[in-house]
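Asker: In my numbering, the protein residues as written are 25 to 134.
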Amino acid sequence: MRVPELTPSIALEAAAIAQTRPYRLDRGIDPERVVWIDVASKLRVGVAWVEASEIGPHWMIAVANADQRRVSRQQLRDVLLLVVGRAGPFELAPPFDTAPYMTMVRVPEP
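As structure tokens, then:
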């Protein structure tokens, strides 16, 4: 989805869509199950929901600046607050080879 601003209603819509199409960890990378939000062509946010894994149900969130600048902790916290309703705790994922500028996290469901 392309939006001029990341608002709580847009974030909740993306999260709701992600929950209807859970990420399939057994397939490795499962790009068709990630809901992407392009925010004013400046920020990209990926939202995926995992129903079951070694850490239990959790959100996978990816955040990247379009100009490939490093994502700040504050940007990440702001996105997490909108998408999952809290700014943490989260676990940083290792950098992705084809998108080293993207910050990815796992956020366990309480």
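The beta-carbon is built from N, C-alpha and C at its ideal position, and this holds for glycine as well.
Does the beta-carbon distance from I85 to V107 come in below 9 Å?
Answerer: yes
Asker: Nearest to A123 by CA position, among R110, L104, R94 and A111, is which residue?
Answerer: R94
Asker: On a Cα-Cα basis, can you pick out the residue from R68, R48 and K66 that is closest to S77?
Answerer: S77 has its Cα closest to that of R48, out of R68, R48 and K66.
Asker: State the start and end residues of the unbroken alpha helix (DSSP H) segment that holds A111.
Answerer: From DSSP, A111 is part of no alpha helix (DSSP H); its letter is neither H nor E.
Asker: Are the CB atoms of V59 and A90 nearer to each other than 9 Å?
Answerer: Contact: no.
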